[in-house]
Amino acid sequence: MKLGVLYSGGKDSTLALMKAKKYHEITCLISIISENKESFMFHTPNIEITKMQAEAMQLPVIAIATKGEKEKELGELKEAVLFAKKKYKIEGIVTGAVASTYQASRIQQICKNLDLWCFNPLWLKDQIELLNEIVDNKICAIIGGVFADALDKTFLGKKIDKKIIAKLSKIAATHHINPAGEGGEIETTVIDAPIFKKKIKIVKSEINYSNNSGIFLIKESKLVSK
Amino acid sequence: MILIISTCKEKLSELEFIEPLKKIAGICRVVSSADIDKKEIIKAEKIIISGTALKDFDYLNQDFEWLKKIDKPILGICAGMQVICKTFGGELKDAKNIGVKKTTVVKQNKLVSEDFNAYFLHTKKIVGGDFDVIAESGEFAAIIKHESKEIYGCIFHPEVLNPEIIANFVQK
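Chains as they are written, first to last, in this note's numbering: chain A, 5 to 230; chain B, 11 to 182.
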């Protein structure tokens, strides 16, 4: 089956893509670039880098900019998926949804309306198990944003590894956060993975942190040989 | 041992519809509804028949007549409830229902005692058959129980917001 992946450039959509690729052909990525940092649907920091990630995976990407207004962005997503269906003949969509019934039900609705399969291979996965799978599958994901007071500036730009997982797990036990960021506490950006033919090198970056939240902004990056 | 019968046509769907059930059910075995070995059914203590993707309807063309011949507790989830309903004289009608909805308990039962919110993901509703409705949500029979057998059906996905319903089925 030909599938398109709803791709944010983060750890979850990358892992979902890798799982789907075991059974089906991935023919395109679909990325929604939301100007709204509070977007209910779409991951935001460093989203522009999805074009470079797509190039690294040698996959075409349909990137659509949106103002990120709550229900309007769903219409924009539907348009993007419909475009993928027509151009790349996709028969279904893959998402990195883990627990958000808000996100999952809206994507299911779009797929139903467009007569497409909907696959959520990470659905209901335990947060720590998910982080371990990221590392075990050799996905190099860096923390691009922290949005919870228990997560300080020192996390920004750090690679998700076993040490960080242990730290997040400890914080989650005392501060009621989702250690993999399912509640929007953490956003990640993938700079390398086994499906990348080249990896992303961050040339210039900037940390902006205030009021218990911050982002690691990739200002300049390039693809390099692995 | 719990036997989980997967109604998923696609292996990729099993990550979404079977893996979460395995975690709640504990020690279990998984077989496909397309190829059920009768020995597995005989060995099972209880049976859970899974749901599947919205675009998957292969299960409707499969043989579930064996359900009539056994006397074991069975829980059908979404597609699983639909095959149970079809087997015991009910009808399936097209009716799309996606999202989190309030669900009301209308008859005392061993799975759930209080009203709850549930995640629905189905395009067919069940009508009639040899069942009592024990919970409902709007126009939908949300949980049904066979009149005389320990056979239950949930049209919603309890693994998402109501894992205790599955745990109660497994433990009680």
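Glycine residues also receive a C-beta, built at the ideal position from the N, C-alpha and C atoms. None of these values were measured; they are calculated from a predicted model.
Check whether residue i and residue j have beta carbons under 9 Å apart
i	j	result
B/F126	B/L171	yes
A/C122	A/Q112	yes
A/I114	A/L78	yes
A/E186	A/Q131	yes
A/G96	A/L120	yes
B/I59	B/M91	yes
A/K6	A/I147	no
B/P30	B/E169	yes
B/N119	B/I161	no
B/V40	B/I57	no
B/K96	B/L102	yes
A/N141	A/A58	no
A/F151	A/A60	no
B/K33	A/L128	yes
B/G36	B/G100	no
B/L121	B/I94	no
Nearest residue (CA-CA) to residue i, options the options
i	options	result
A/G149	A/K26, A/V194, A/Q62	A/V194
A/A69	A/H28, A/S12, A/T105, A/P125	A/S12
A/E75	A/I199, A/R110, A/I190	A/R110
B/I108	B/S147, B/G86, B/N71, B/V143	B/S147
B/K159	B/K82, B/I176, B/I57	B/K82
B/I52	B/G138, B/I80, B/K106	B/I80
B/I87	B/K135, B/K117, B/K48, B/K49	B/K135
A/K208	A/K55, A/K201, A/K91, A/S225	A/S225
A/M56	A/I206, A/E210, A/S214, A/S173	A/I206
A/K232	A/K116, A/I147, A/G8	Since the first residue shown for chain A is 5 and the last is 230, residue 232 of chain A is missing from the structure and cannot be characterised.
A/K116	B/K117, B/V110, B/K21, B/A105	B/A105
A/L126	B/I28, B/E55, B/V143	B/I28
B/G163	B/V110, B/S16, B/L85	B/L85
B/E24	A/K15, A/S17, A/A24, A/G14	A/A24
A/K202	A/K26, A/L63, A/D16	A/L63
A/N216	A/L155, A/K82, A/I66	A/L155
A/A67	A/L10, A/G14, A/M61	A/L10
B/A151	B/S123, B/D73, B/K117	B/K117
B/K65	B/K182, B/A89, B/A54	B/A89
B/Q181	B/E55, B/C18, B/T17	B/E55
A/K71	A/A88, A/V65, A/K166, A/I37	A/I37
Three-state class that DSSP yields for residue i in the structure shown
i	result
A/C32	strand
A/V194	strand
B/N71	helix
A/S17	helix
B/T62	coil
A/Y27	coil
A/C115	helix
A/L221	strand
B/D104	strand
A/Y11	coil
A/I143	coil
B/A145	strand
B/C95	helix
A/K55	helix
B/N127	strand
A/H179	helix
A/N216	coil
A/S38	strand
B/F179	helix
A/G100	coil
Cβ separation of residue i and residue j, assumed to be a contact under 8 Å, to the nearest whole Å
i	j	result
B/L77	B/C38	In fact, because the Cβ distance is near 18 Å, the residues do not count as touching under 8 Å.
A/I138	A/L21	About 12 Å separates the two Cβ atoms, so there is no contact after all.
B/A128	B/F67	Contact flag wrong, Cβ pair sits at about 22 Å.
A/L135	A/A184	5 Å
A/Y92	A/C32	4 Å
B/F179	B/E157	The pair is not a contact, with the Cβ atoms about 18 Å apart (cut-off 8 Å).
A/L172	A/Y213	That belief does not hold up - the Cβ atoms of A/L172 and A/Y213 are roughly 18 Å apart, past 8 Å.
Residue i classed as buried or exposed, judged by whether at least 16 other C-beta atoms fall within 10 angstroms
i	result
B/E149	exposed
A/V102	buried
A/A84	buried
A/T105	buried
B/T113	buried
B/S43	buried
A/N124	buried
B/H132	buried
A/T54	buried
A/S178	A quick correction: the sequence has Thr, not Ser, at residue 178 of chain A. The residue is exposed, with fewer than 16 neighbouring Cβ atoms inside 10 Å.
B/T17	buried
A/S229	exposed
A/A170	exposed
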